[in-house]
Amino acid sequence: MQLKPIRTEADYQAALKMAEAFFDAPQEPDPDSEEGAMFDALLTLIEAYEGKHHAIDPPDPIEAIKYRMEQEGLSAKDLVPMIGQANRVYEVLTHKRPLTLGMIRRLHVGLGIPASILISEYMQGSP
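Here's what the structure looks like:
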């Protein structure tokens with residue numbers, strides 16, 4: 266197997282097929298072996314191509330909160346300790362009020378949502 270840069274979608278599909286063989290094996294190759302180095306390099310090439318051509322934007326922070334609420338069976342009332350009074354919770358959930366740093370911290374701890382997702386609206390500009 267010879268590695269080459271991934272420049273096209275066909276190259277990408279071929280690289281995925283090569284990587285699939287490693288994943289289908291009973292165990293991943295030893296990282297210190299030549300095969301392990303090949304696997305690591307192949308994954309690096311795939312990740313670089315995906316980062317450039319198949320990038321996924323971070324989720325909207327409010328949608329992430331709603332998704333976690335659905336997962337955990339929570340209601341807006343359950344967010345009061347993390348966001349504030351019920352009317353404030355509804356304002357946040359309808360994008361009428363931005364998250365504050367304190368809310369972000371409490372939501373991160375309380376719901377386990379990565380802080381990077383909760384602050385992403387500030388990096389992208391408010392919705």
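Each number in my numbering comes from the position in the sequence shown (counting from 1) with 265 added on.
Ideal Cβ placement from N, Cα and C applies to all residues, glycine included.
Verify whether the separation of the beta carbon atoms of residue i and residue j is less than 7 Å.
| i | j | result |
| --- | --- | --- |
| ILE348 | MET368 | yes |
| ALA412 | ILE321 | The requested residue 412 is not part of the displayed model; the chain covers only 266 to 392. |
| ALA329 | ILE271 | no |
| LEU376 | ARG333 | yes |
| HIS209 | ILE327 | What is shown of the chain runs 266 to 392, which leaves residue 209 out entirely. |
For residue i, which residues from the same chain have a beta carbon less than 7 Å from its beta carbon, with the 5 sequence-adjacent residues on both sides left out?
| i | result |
| --- | --- |
| VAL345 | ALA351, VAL354 |
| PRO291 | none |
| ILE384 | ILE369 |
| GLU300 | PRO294 |
Excluding the 5 residues preceding and the 5 following residue i in the sequence, name in chain order all residues of the same chain whose CB lies nearer than 8 Å to its CB.
| i | result |
| --- | --- |
| LYS269 | ASP276 |
Short of 6 Å in beta carbon distance, which residues of its chain neighbour residue i, apart from the five on each side in sequence? Order them along the chain.
| i | result |
| --- | --- |
| PRO323 | ILE382, SER385 |
Is it true that the region 334-341 meets the region 298-310, where meeting means three or more beta-carbon pairs spaced less than 8 Å apart? no
With a floor of 4 residues, list each alpha helix (DSSP H) that falls wholly inside the region 314-340, ordered by position along the chain. 326-337
The region 290-303 touching the region 348-359, judged by at least three CB pairs closer than 8 Å: no
Please list the segments of the alpha helix (DSSP H) lying wholly inside the region 341-371, counting only runs of 4 or more residues, in order along the chain. 345-348, 351-358
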